[in-house]
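Undergrad: Take a look at this one; I'll ask things after.
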Amino acid sequence: MARIAGIDLPKNKKVEYALMYIYGIGHTTSKKILKDTGIDPEKRVYELSEDEISTLNKEILNNYLVEGELRKKVQLEIKELMDLGCYRGLRHRRGLPVRGQKTKTNARTRKGKKKTVGAKAK
618 MARIAGIDLP
628 KNKKVEYALM
638 YIYGIGHTTS
648 KKILKDTGID
658 PEKRVYELSE
668 DEISTLNKEI
678 LNNYLVEGEL
688 RKKVQLEIKE
698 LMDLGCYRGL
708 RHRRGLPVRG
718 QKTKTNARTR
728 KGKKKTVGAK
738 AK
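The sequence shown begins at 618 in this note's numbering and counts up one residue at a time.
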């Protein structure tokens with residue numbers, strides 16, 4: 618099993634898709650990395666040599682922001698929005714959808730489990 622950027626890649630998948638298991642690498646980035654390193658995207662992960670794995674690892678760690686560093690950067694940017702007090706920051710702070718979705722129905726992922734509010738019996 619190949620370990621790149623601290624992630625164990627699934628050995629039976631093609632390299633092109635296995636790289637997408639790394640946080641911060643999507644399909645387009647994966648193809649670009651393979652083109653830059655000269656590795657065949659059709660190869661399976663278990664077919665990679667140690668040399669190819671180290672080449673991929675160097676390429677990713679030197680030229681891309683992935684995993685922990687990227688997560689930290691995203692969290693800092695969200696914190697900055699909240700500190701500024703801008704609209705998006707307020708939505709993050711209140712745990713509501715940030716990108717303009719409606720909240721009368723739906724939005725359960727952001728709002729959490731329903732809390733029923735109603736009139737109490739006398």
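Built from N, CA and C at the ideal position, the CB exists for glycine as well. Owing to the predicted nature of the structure, the values given are computational and were not obtained by experimental measurement.
What span of residues does the alpha helix (DSSP H) with D657 cover, start to end?
TA: Note, D657: premise wrong, no alpha helix (DSSP H); not H, not E.
Undergrad: Just the Cα atoms here: how many angstroms apart are E667 and Q692?
TA: 34 Å
Undergrad: If I measure Cβ to Cβ from G643 and keep anything under 7 Å in the same chain, skipping five residues before and after, which residues do I get?
TA: M637
Undergrad: K728 and G712 - do their beta-carbons sit closer together than 8 Å?
TA: yes
Undergrad: Do Y681 and T646 have their C-beta atoms within less than 8 Å of each other?
TA: In this structure, T646 lies closer than 8 Å to Y681 by Cβ.
Undergrad: Would you mind working out which of M699, V632, K731 and I695 sits nearest E669, comparing C-alpha positions?
TA: V632
Undergrad: Hey, how far is the Cα of D657 from the Cα of K696?
TA: 40 Å
Undergrad: From K731 to T720, what distance separates their C-alpha atoms?
TA: 12 Å
Undergrad: Strictly by DSSP, which residues pair up with D625?
TA: R620
Undergrad: Let me know the secondary structure DSSP gives K630 once reduced to three states.
TA: coil
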